[in-house]
Amino acid sequence: MPSIKAKRNQMYLLPPVLDDWILSNHPARFIVCFVESLDLKQMGFKQAPEEGRPPYDNDMLLSIWLYGLMKNVRSTRKLENSLYDSIAMKWITGDERPDHNTLWRFFNDNRDKIKEVFKGTVNMAIDYKMVGFELQAIDGTRIMADVNNDKTITEKGQKKRLVKIEKEIEAIMSEIEKSGKEAEENGDSKNDYGIPKELLDKEEMRKAIKASLEMLKKEGQKEKNPTDKEARFMKVRGAGIKQGYNAQAVVDSKNQIITGAELNNISSDSKELTKMIKEAEKNTETEAKETLVDKGYYSAEEIAKAAELKKNVIISFANKSKKGKFAKSNFKYNKSKDEYICPEGKRLTYGGAIIRKDRGNKKEYTYICRDYCDCKNHKECTKSKRGRVIKTINEEQLINEMKERAAAENWKEKLKARGKIVEPIFAHVKERLGLRRFSVRGMYKAKVQWFITCAVYNLKKIYGYQLNYKARLRLPET
28 MPSIKAKRNQ MYLLPPVLDD WILSNHPARF IVCFVESLDL KQMGFKQAPE EGRPPYDNDM
88 LLSIWLYGLM KNVRSTRKLE NSLYDSIAMK WITGDERPDH NTLWRFFNDN RDKIKEVFKG
148 TVNMAIDYKM VGFELQAIDG TRIMADVNND KTITEKGQKK RLVKIEKEIE AIMSEIEKSG
208 KEAEENGDSK NDYGIPKELL DKEEMRKAIK ASLEMLKKEG QKEKNPTDKE ARFMKVRGAG
268 IKQGYNAQAV VDSKNQIITG AELNNISSDS KELTKMIKEA EKNTETEAKE TLVDKGYYSA
328 EEIAKAAELK KNVIISFANK SKKGKFAKSN FKYNKSKDEY ICPEGKRLTY GGAIIRKDRG
388 NKKEYTYICR DYCDCKNHKE CTKSKRGRVI KTINEEQLIN EMKERAAAEN WKEKLKARGK
448 IVEPIFAHVK ERLGLRRFSV RGMYKAKVQW FITCAVYNLK KIYGYQLNYK ARLRLPET
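Plus 27 on top of the position in the sequence shown (first one is 1) and you've got our numbering.
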């Protein structure tokens, strides 16, 4: 049977219509529709001057970036190549072909507006009723910076090198001194050998190390990379300890839409709880009923802030207290009498308060057991001869109340949903969208890259949702 061969020299009787070359439900159409729904001028996107050659349209350039990132195309040169190779890109641009310099300039000029584009995806998801505001989860993922980790200078590492260099210098000096004595004993008066080159090299190295330590001290840093000075060492899943950034996300449970995004260079999540809740509320102008977070966000200060803001936070508590019957966590606080009750029913009454400067000028309250002399559990409870003493701050009392709530409301069961809500998003971002390592340097630029990646993720979710929504509306044939 004859095969169908490519007719590359086929002439068209009438010129083809570009719009016929992509499907009516193609994602390129959706991206253009989304961008056209934004008022880029009002958002502050840079407008071209009146004089000179007509510029490429901002809507077109933003559509190229968003569709390219959706297809895991990140570099401007690859985006430029796709304008020749991809039929969808030809449709987006109307077969116009801005070069990689134009694409770079557009993105560079409008970095500070990308967060508004992300917010636009959140608003579109809300319009589609994809955000429920019943339950949200917050989490962070560490993403590698665009640096060579071996070139990072750390205070700890430099101090070790300094000790080693000084020992080597001392050994060389000892050898010189020994050689000099031997020469004197042998009656060799011509012992002027000059300073060895090895010693000069070591001295130069010592000066350089001291200078780097002085620089770190002056800047108040513990580590620094010459390529990306703001990246920090942190544990990156699957890669070990690497220089990177901590990317944060708030995800609504209904359709896994990212409602809040941020990025910092601190490996711990403990200071991010209220900041991320506020970030999501700023984007959505609506408060979620419940927020799930893991124990990485455990901070007495942050939990107190959330309680003050009347946020319903469900958290996995870090169990740092000692175990056993007489652990501090087993002493129950009686708010009406302002006293603690031990597991044996004995009272620990108020004994005064002091201001702790080492804890941010917080007030520390002391509760003392007065009835310890005849207590049979005295030695098991405390090593102090004066009886058991409990020291606490306001946040600890609040946390104890929350722990009682956690047990009564079975938070452990609720928290099982947290991983299913937020962790698949990070997997998708790294595997499908290719953001395992930032392609830009500096925290601000990395933050912008995180915002646009979150925007693209949301657009993919909305596109899939509206396709399925239209499919559900189709009536069966009669």
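All C-beta atoms in this analysis are idealised placements derived from N, C-alpha and C, irrespective of residue type, glycine included.
Tell me whether residue i sits in a helix, a strand or coil according to DSSP, three-state version.
| i | result |
| --- | --- |
| G265 | coil |
| L500 | Note that L500 scores 47 on pLDDT, short of 50, meaning its location in the model is unreliable and no value can be drawn from it. |
| L40 | coil |
| C408 | helix |
| K49 | According to the sequence as given, residue 49 is Ile; it is not Lys. Looking at I49 - three-state DSSP - the assignment turns out to be coil, as it is neither helix nor strand. |
| G184 | helix |
| K105 | helix |
| G323 | helix |
| T129 | helix |
| N273 | strand |
| F260 | strand |
| I31 | coil |
| A224 | It is Lys, not Ala, that sits at residue 224 in the sequence shown. Note: K224 maps to helix in three-state DSSP. |
| K251 | strand |
| E507 | There is no way to answer for residue 507, as the model of the chain reaches only from 28 to 505. |
| E241 | helix |
| A354 | coil |
| L65 | coil |
| R56 | helix |
| K98 | coil |
| D84 | coil |
| K73 | coil |
| D510 | This structure cannot settle anything about residue 510, because the visible part of the chain is limited to 28 through 505. |
| G147 | helix |
Sort out for me which residues DSSP pairs residue i with in a bridge.
| i | result |
| --- | --- |
| K359 | I368 |
| V507 | Lying before the first or after the last residue shown, residue 507 is absent from the chain, which here runs from 28 to 505. |
| C396 | L375 |
| R383 | K389 |
State buried or exposed for residue i, treating a residue as buried only when at least 16 other CB atoms are found within 10 Å of its CB.
| i | result |
| --- | --- |
| G147 | buried |
| C60 | exposed |
| L50 | exposed |
| N495 | exposed |
| Q69 | exposed |
| V456 | buried |
| N339 | exposed |
| K403 | exposed |
| E458 | exposed |
| T313 | exposed |
| P125 | buried |
| Q518 | Outside the shown range of the chain (28 to 505) lies residue 518, about which nothing can therefore be said. |
| W477 | buried |
| D122 | exposed |
| L290 | buried |
| E107 | buried |
| D166 | buried |
| I31 | exposed |
| L41 | exposed |
| G95 | buried |
| A152 | buried |
| K244 | exposed |
| A33 | exposed |
| A333 | buried |
| R413 | exposed |
| K249 | exposed |
| K251 | buried |
Using CA coordinates, which residue listed in the options is at the minimum distance from residue i?
| i | options | result |
| --- | --- | --- |
| K389 | E422, K359 and I417 | E422 |
| C481 | V158, G267, K142 and K305 | K142 |
| R397 | E407, I417, I382 and K384 | I417 |
| K316 | Y324, N361, K322 and A307 | A307 |
| F344 | L462, D279 and A433 | A433 |
| S326 | V320, I341 and S297 | S297 |
| G287 | V277, K281, A75 and S294 | V277 |
| W131 | I91, I114, K256 and T120 | I91 |
| K229 | S30, K194 and N437 | K194 |
| A115 | N291, I426, L226 and A55 | A55 |
| K256 | K472, C369, F134 and P29 | K472 |
| S239 | T181, R169, E391 and V449 | T181 |
| G491 | G379, F57 and D173 | F57 |
| K187 | G159, R233 and I203 | R233 |
| D385 | N361, I420 and D401 | I420 |
Within 7 Å: the Cβ of residue i and any heavy atom of the ligand MN?
| i | result |
| --- | --- |
| L41 | As presented, the structure is devoid of all ligands, the ligand MN included, so that no description of it is given. |
Which ranges does the alpha helix (DSSP H) cover as unbroken runs of at least 4 residues, wholly within the segment 277 to 317, from first to last along the chain? 300 to 311
Any chance you could list the beta strand (DSSP E) runs of at least 3 consecutive residues sitting entirely within the segment 398 to 482, in chain order? 416 to 419
Taking only runs of the beta strand (DSSP E) that begin and end inside the segment 151 to 199, which ones reach a length of at least 3 residues, in chain order? 162 to 171
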